[in-house]
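Numbering (the UniProt record's numbering), first residue to last: 1 to 735. Here's the structure we're looking at; comments come further down.
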DNA sequence: TTAGCCGGTTA
DNA sequence: TAACCG
DNA sequence: CTAA
Ligand SMILES: O=c1ccn([C@H]2C[C@H](O)[C@@H](COP(=O)(O)OP(=O)(O)OP(=O)(O)O)O2)c(=O)[nH]1
Ligand SMILES: [Mg+2]
């Protein structure tokens, strides 16, 4: 009765084996010398408060400036589908949608071991080993640290061969994350990108409306071979066997009821064209009108065939199952989140938060025409004001800020959104903190906070909570959530981002030592080995010392070359995350400067013992940057103290691009993004090399033409050309 | 309801 | 190409 | 999370 492909079967047994092993047994190779993470000398991990900067905010989406984008014109007809899921037909397609029966299985399934994560968007099912799902997740107060692995693998693979797409398709919400993980554990594949060809089910959150879903997916219609179901589908199926997607219970709001016999093959003409071939998705046409009826297994394993439109017979029973399941899920959630209220990312928690979540839709309604001729100063002024870069962002660096405590807490809070959760929120927190920083009166109430600007209802409330209760519940929750703690830990290893951190967590890793079981990339290796060093901020004076070493070396190796310390140092912060150096020489081509720097300076400093690791070396034609690590000579320090490994970056710049490079390399990142967005609103483009005009952009603000250079040499010139009053470096602290 | 910088390197 | 970094 |  089971329909396993050979691959699946093989994997199943591999998983079985893995699950029985203990961690130590599983260790692939006898990584002999266990790397000592804690060095002899006591270094402190100073998560410096005042000048908080998170890890770099994640790329795609980030919050900041207001939208002047209403002004930008757009193609409303744009239709983009991520192609990443498209695969060649030759690859095995593990799909047997309609027929899978649930295994007969234990009544009481353990939900404890979540965390297996199939790499869904990667094409092959069998690709990755599954981790030992042997760690219990949260054992708040309960004695059992480790559950018995063997009994936990008896999960019926009821979703085997099914490909789920969730809406929203992320794990920001704990309940949804739970559903996704549960589904995966039972054989489902989580499609991270939309793919008409592969996805079998769309699982929508209960509050998602059908119309919103369509626009979210950029579809006019859901292909008939894909079932749209509400979130209940997952728990129900787990509790009572694979459910019929057509049940009214799984209908989402605003969904039209499909007639029982529809022609199966119609695919959305438009959307699929770009996706060319697809492995003719399990002949939907062959299954005919019965496509939507499905075999449903009762909880004792007896299969019953139900007519799609007639599920009344089963109603009461599945309700019971449903209830039972809900209990189980509720329990999981409770175990996972000891403080179920105020979870780190709960959609219902925060004001107007993320129903639509992130996710780049294409466009909604067609935009109004641009109307921004740069000439019309008056009108320009208005919308421009909303950009951060238009304002003085003085740090209030010196004197003690009355809001220091609040700032500290909020900054800490922001850390937890760093990469892991919402990049939007992270940016908002940073901006709010910056607002507080330049405020010199103590903020105690919501209303005061709201007046600051860049502080909205949500953070305002938190500020009030902080000053009145001296704490922030949400932060305490995060801190006491082992998942958050572990993810945060991993995110701080250089070379580990959100994806890997979650993968590691899912594999049961909780400490840096656990990572020794993993094959790390060379950069990650360094990141782990020098975890503490890299996460320790660098006092200004030490930054200068590193800078001096480089400058002195240049004197020797390449006289006439000039090095300048950039980044947070140039902004005047009292400590820095790394050392950023710009290297240039007058009247000299970049290629020349680059050659000298990368083939002479770097090797020289490496021999000296100053440069101790290289993390990224120029690769592209005209590569201009080098990332690595440096170490001050012990002789230069007070005796007894050991130098720390520091992150150091070189950027090679020709004279003609000095202005843009200064601008870029001075930051901060939020300021830069603000400037760049402003540029794009003016049909221009700003990068580390210059400001360009007449840039043509496509649908997603995607750049279609390079544009022509306006200014690159003078930093001030760029401000002028953009119509932004010049801001000295210390006024560019926006986050 | 919507959008949120831009580019280079690694594997 | 996706993930990561600045 | 924020501002438009
Ligand atoms: O996403 C980013 C990251 C960095 N930068 C620029 C601005 C930043 O100032 C400079 C150097 O980056 P770094 O990560 O060193 O930031 P920093 O401002 O120097 O702060 P830190 O003290 O953490 O080094 O690169 C951006 O434009 N966008
Ligand atoms: Mg820096």
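Idealized CB from N, CA, C, for every residue including glycine. Small disclaimer: the values here were computed from a predicted structure and weren't measured.
Quiz item: So which residues touch the region around ligand 2, with touch meaning a C-beta under 6 Å from any heavy atom?
Solution: 567, 568, 576, 577, 578, 580
Self-check item: Cβ-Cβ separation, residue 484 to residue 416 (assumed contact under 8 Å), whole Å
Solution: Within the first chain, numbered from 1, the residue matching residue 416 stands at position 416. Within the first chain, numbered from 1, the residue matching residue 484 stands at position 484. Residue 416 to residue 484, Cβ: 6 Å. Contact.
Quiz item: In terms of residues, what are the limits of the alpha helix (DSSP H) holding residue 528?
Solution: The sequence position of residue 528 within the first chain is 528, counting from 1. It spans 522 to 529 - the alpha helix (DSSP H) in which residue 528 sits, taken as one unbroken run.
Quiz item: Going by other Cβ atoms of all chains shown within 10 Å of its Cβ, with 16 needed for buried, is residue 696 buried or exposed?
Solution: Stepping through the first chain from its first residue, residue 696 is reached at position 696. So residue 696 counts as exposed.
Quiz item: Should residue 657 and residue 703 be called a contact, given that it needs their Cβ atoms to be closer than 8 Å?
Solution: Residue mapping note: residue 657 aligns to position 657 of the first chain, counting from 1. Residue mapping note: residue 703 aligns to position 703 of the first chain, counting from 1. No, Cβ-Cβ distance for residue 657 and residue 703 is not below 8 Å.
Quiz prompt | Residue span of the alpha helix (DSSP H) that contains residue 659, given as start and end | solution = Counted from its first residue, the first chain places residue 659 at position 659. Element bounds for residue 659: 658 to 666.
Quiz item: Expressed to the nearest angstrom, what Euclidean distance is found between the alpha-carbon atoms of residue 131 and residue 573?
Solution: By 1-based counting over the first chain, the position of residue 131 is 131. By 1-based counting over the first chain, the position of residue 573 is 573. In this predicted model, residue 131 has a pLDDT of only 26, less than 50, meaning its place in the structure is not dependable; the value taken from the coordinates is given anyway. Rounded to the nearest angstrom, the two C-alpha atoms are 43 Å apart.
Quiz item: Taking the alpha-carbon positions, what's the residue 724 to residue 714 distance?
Solution: Reading the first chain from its first residue, position 724 is the one you call residue 724. Reading the first chain from its first residue, position 714 is the one you call residue 714. Answer to the nearest angstrom: the Cα atoms are 14 Å apart.
Exercise. Report yes if the C-beta of residue 672 is less than 7 Å from at least one heavy atom of ligand 1; otherwise report no.
Key: One-based indexing of the first chain puts residue 672 at position 672. Within the cutoff, so yes.
Exercise. Determine, using beta carbons only, whether residue 736 and residue 187 come nearer to each other than 8 Å.
Key: Past the boundaries of the shown model lies residue 736; the chain is included only from 1 to 735, so the question cannot be answered.
Self-check item: Heavy atom of ligand 1 within 7 Å of residue 417 beta-carbon
Solution: Along the first chain, one-based indexing puts residue 417 at 417. No.
Exercise. Sort out for me which residues DSSP pairs residue 167 with in a bridge.
Key: Taking the first chain and counting its residues from 1, one reaches residue 167 at position 167. Answer is 204, bridged to residue 167.
Quiz item: What's the gap between the Cα of residue 623 and the Cα of residue 631?
Solution: For the purposes of this step, residue 623 is identified with residue 623 of the first chain, where counting begins at 1. For the purposes of this step, residue 631 is identified with residue 631 of the first chain, where counting begins at 1. Going by the C-alpha atoms only, they are around 24 Å apart.
Practice problem: Would you decide whether residue 184 is buried or exposed? Buried here means 16 or more other CB atoms lie within 10 Å of its CB. | Solution: Stepping through the first chain from its first residue, residue 184 is reached at position 184. Classification of residue 184: buried, given that the 10 Å Cβ count is 16 or more.
Practice problem: Measure from the alpha carbon of residue 701 to the alpha carbon of each residue in 716, 691, 683, then state which is nearest. | Solution: If you number the first chain from 1, residue 701 lands on position 701. Looking at the Cα atoms, 683 is the closest of the given residues.
Quiz item: Excluding sequence positions up to five away, which residues of its chain have a Cβ less than 7 Å from the Cβ of residue 717?
Solution: Here residue 717 corresponds to residue number 717 of the first chain, with the count starting at 1. Closer than 7 Å at Cβ, skipping near neighbours: 659, 711.
Self-check item: Residue(s) in a DSSP beta bridge with residue 252
Solution: Counting from one through the first chain, the residue named residue 252 turns up at place 252. For residue 252, which the question treats as bridged, DSSP gives no partner whatsoever.
Practice problem: Check each candidate in 562, 577, 628, 571 and name the one with the smallest Cα separation from residue 587. | Solution: Here the question's residue 587 lines up with position 587 in the first chain. Checking every option, the nearest Cα to that of residue 587 belongs to 562.
Exercise. Check residue 655 in the structure and name its three-state DSSP category.
Key: Here residue 655 refers to the residue found at position 655 when the first chain is read from its first residue. In the structure shown, residue 655 sits in a helix (DSSP, three-state: H, G or I).
Exercise. Kindly confirm or deny that the segment 551 to 559 and the segment 598 to 607 touch, where touching means at least three C-beta pairs closer than 8 Å.
Key: yes
Self-check item: 7 Å Cβ shell around residue 496 - same chain, five flanking residues per side excluded
Solution: Position 496 of the first chain, counted from the first residue, corresponds to residue 496. Excluding residues within five positions, the ones whose Cβ falls inside 7 Å are 490, 524, 527.
Exercise. List in chain order: all unbroken alpha helix (DSSP H) runs of 4+ residues lying wholly within the segment 445 to 531.
Key: 446 to 451, 457 to 469, 473 to 480, 482 to 491, 498 to 506, 522 to 529
Quiz item: Quick one, are the C-beta atoms of residue 450 and residue 403 less than 8 Å apart?
Solution: Numbered from 1 along the first chain, position 450 holds the residue referred to as residue 450. Numbered from 1 along the first chain, position 403 holds the residue referred to as residue 403. It is not a contact, given that the beta carbons lie outside the stated cut-off.
Practice problem: Starting from the C-beta of residue 593, find all residues in its chain whose C-beta is less than 6 Å away, skip the five residues before and the five after it, and write them out in chain order. | Solution: Walking along the first chain from the start, residue 593 turns up at place 593. Cβ neighbours of residue 593 beyond the five flanking positions: 585, 652.
Quiz item: Among 454, 672, 180, 733, which residue has its Cα nearest to the Cα of residue 203?
Solution: As a first step, residue 203 must be located in the first chain, where it is residue number 203. Ranking the options by Cα distance to residue 203, first place goes to 180.
Practice problem: Starting from the N-terminal side, write out each stretch of the alpha helix (DSSP H) that is 4 residues or longer and does not extend beyond the segment 397 to 426. | Solution: 404 to 417
Practice problem: Can you have a look at residue 568 and say buried or exposed, based on whether 16 or more other CB atoms are within 10 angstroms of its CB? | Solution: Here residue 568 corresponds to residue number 568 of the first chain, with the count starting at 1. With 16 or more other Cβ atoms within 10 Å, it is buried.
Quiz item: So residue 594 is in the alpha helix (DSSP H); what residue range does that whole segment cover?
Solution: Position 594 of the first chain holds residue 594. Counting along the chain, the alpha helix (DSSP H) containing residue 594 begins and ends at 590 to 596.
Quiz item: Is residue 208 near residue 167, with beta carbons less than 8 Å apart?
Solution: Here the question's residue 208 lines up with position 208 in the first chain. Here the question's residue 167 lines up with position 167 in the first chain. In this structure, residue 167 lies closer than 8 Å to residue 208 by Cβ.
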